[in-house]
Amino acid sequence: MFDRPHHRRIAQVLRALDGDLLRQARCYFGGGTAIVLLLDEYRESLDIDFLCASMEGYRLLRNTVSEQGLGPLLRAPVKYLREVRTDRYGIRTVLEVEGVPIRIEFVSEGRIAVQGVFDPVLQVPTLAREDMYAEKLLANADRGSDESTMSRDIIDLAMMMERWGDIPDHAWNKVMEAYGASAARAFRTAVNRVSDDPAYLSGCLRKMHMDEGLVARIPAVLARSRYAVTNEHGS
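Have a look at this one:
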């Protein structure tokens, strides 16, 4: 199904999850790993992130798990490297597959309304594309200036835009309602960072095991976005 060995390990975990329980909880696979798996593995992604669309759904999952394990949420035996930790924001643990650790978390999304559908390839409920854009914009606003992230949020947005088109207005509206104009400023700053310094972008791509040919493609895709060069969503 997937070419990269770690992505095949992630797929094992996804297949072991109870998709019906996740659907009942309105908890959706999202984040960079979901995007990467849906877009032909353009980079390596390491973790598994789910977003719960409602407090009721998050409560359902929280009452399903314990410190000892994920309970009926995980239908197949998988080794735990850390106890399950829960708080008001999320459920987190680290699993082991083929001797490799995989972090998995289920987060209560309280900033924006999200939705999703069951994906027959990934075999779990998956965040809607519009909300994948919105979540990436929020992530970029939170951490886009941190170079330890290797600009992966703006790079992911560029890859999404290349395959799925420009960021939907509805996604921007959700983000602006949650974060205001700061999200638009962070987007433009991130676009400029990867566009103005090819050596920096090349280093990011190399660290994430991406095609070096994207050094030219990514800035070109971002430059076509009307949001990268206008004040349409704030100054």
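Mind the numbering: the sequence shown is residues 1461 to 1695 in our numbering, read in order.
Where a beta carbon is used, it is the ideal one built from N, C-alpha and C, also for glycine.
Inset, instruction - Would you please state the rounded distance, in angstroms, between the beta carbons of His1669 and Arg1503? I believe it to be under 8 Å. - result: In this structure, His1669 and Arg1503 form a Cβ contact; the two beta carbons are roughly 6 Å apart against a cut-off of 8 Å.
Legend entry - Outcome for Ser1695 when other beta-carbon atoms lying within 10 angstroms are tallied against a minimum of 16: In this prediction, Ser1695 has a pLDDT of 49, which is less than 50 and means its spatial position is unreliable; what the coordinates show is noted afterwards. Here Ser1695 is exposed: its Cβ has fewer than 16 other Cβ atoms, across all protein chains shown, within 10 Å.
Legend entry - Expected contact under 8 Å - CB spacing of Tyr1540 and Ala1513 to nearest Å: Not a contact, Cβ separation roughly 26 Å.
Inset, instruction - Please go through the region 1492 to 1531 and give each complete beta strand (DSSP E) segment of 3 or more residues, from N-terminal end onward. - result: Runs found: 1508 to 1512.
Inset, instruction - Assign Asp1579 to one of three DSSP states: helix, strand, or coil. - result: Here Asp1579 sits in strand by DSSP.
Inset, instruction - Can you say whether Gly1559 is buried or exposed, counting buried as having 16 or more other CB atoms within 10 angstroms of its CB? - result: It counts as exposed.
Legend entry - Cβ-Cβ separation, Trp1624 to Arg1589 (assumed contact under 8 Å), whole Å: Contact between Arg1589 and Trp1624 holds: CB atoms are separated by about 6 Å, below the 8 Å threshold.
Legend entry - Where Met1592 falls, given that 16 or more other Cβ within 10 Å makes a residue buried: Looking at its Cβ environment, which holds 16 or more other Cβ atoms inside 10 Å, Met1592 is buried.
Inset, instruction - Give the DSSP bridge partners of Pro1585, in chain order. - result: Phe1578, per the DSSP bridge assignment.
Inset, instruction - Excluding the 5 residues preceding and the 5 following Glu1543 in the sequence, name in chain order all residues of the same chain whose CB lies nearer than 6 Å to its CB. - result: Shown here for Glu1543: same chain residues with a beta carbon closer than 6 Å to its own, the five before and five after excluded, namely Glu1527 in chain order.
Legend entry - Contact check, Leu1521 vs Phe1566, beta carbons under 9 Å: Going by C-beta atoms, Leu1521 is nearer than 9 Å to Phe1566.
Legend entry - Residue interval of the alpha helix (DSSP H) (run including Phe1647): Start and end: 1641 to 1656.
Legend entry - Three-state class that DSSP yields for Pro1561 in the structure shown: Pro1561 falls in the strand class under three-state DSSP.
Inset, instruction - Reducing DSSP to helix, strand and coil, say where Gly1673 ends up. - result: For Gly1673, the secondary structure class from DSSP, reduced to helix, strand or coil, is coil.
Inset, instruction - List the residues that DSSP assigns as beta-bridge partners of Val1567. - result: For Val1567, which the question treats as bridged, DSSP gives the partners Leu1511, Gly1550.
Inset, instruction - Please check the pair Val1554 and Arg1563, which I expect to be a contact at CB under 8 Å, by giving their CB distance rounded to whole angstroms. - result: About 5 Å separates the CB atoms of Val1554 and Arg1563; that is less than 8 Å, so the two are in contact.
Inset, instruction - Output the distance between the C-alpha atoms of Arg1535 and Ala1676, rounded to the nearest integer angstrom. - result: Note on geometry: alpha-carbon atoms of Arg1535 and Ala1676 lie some 44 Å from one another.
Legend entry - Coil, strand or helix - Glu1543 by DSSP: Glu1543: coil per DSSP, three-state reduction.
Legend entry - Delimiting residues of the beta strand (DSSP E) encompassing Gly1490: The continuous beta strand (DSSP E) containing Gly1490 extends over residues 1487 to 1490.
Legend entry - Buried versus exposed call for Asn1523 [16 or more other C-beta atoms within 10 Å across all chains shown]: Classification of Asn1523: exposed, given that the 10 Å Cβ count is below 16.
Legend entry - Span separating the alpha-carbon of Asp1602 from that of Val1681: Computed Cα separation, rounded: 22 Å.
Legend entry - Beta-carbon proximity check, Val1557 vs Gln1484, cutoff 9 Å: Against a cut-off of 9 Å, the Cβ pair of Gln1484 and Val1557 comes out as no contact.
Inset, instruction - Compute the distance between the beta-carbons of Leu1482 and Val1584, then report whether it is under 9 Å. - result: Yes.
Legend entry - Of the listed residues Met1515, Pro1658, Pro1537, nearest to Asp1547 (C-alpha basis): Cα-wise, what sits closest to Asp1547 is Met1515.
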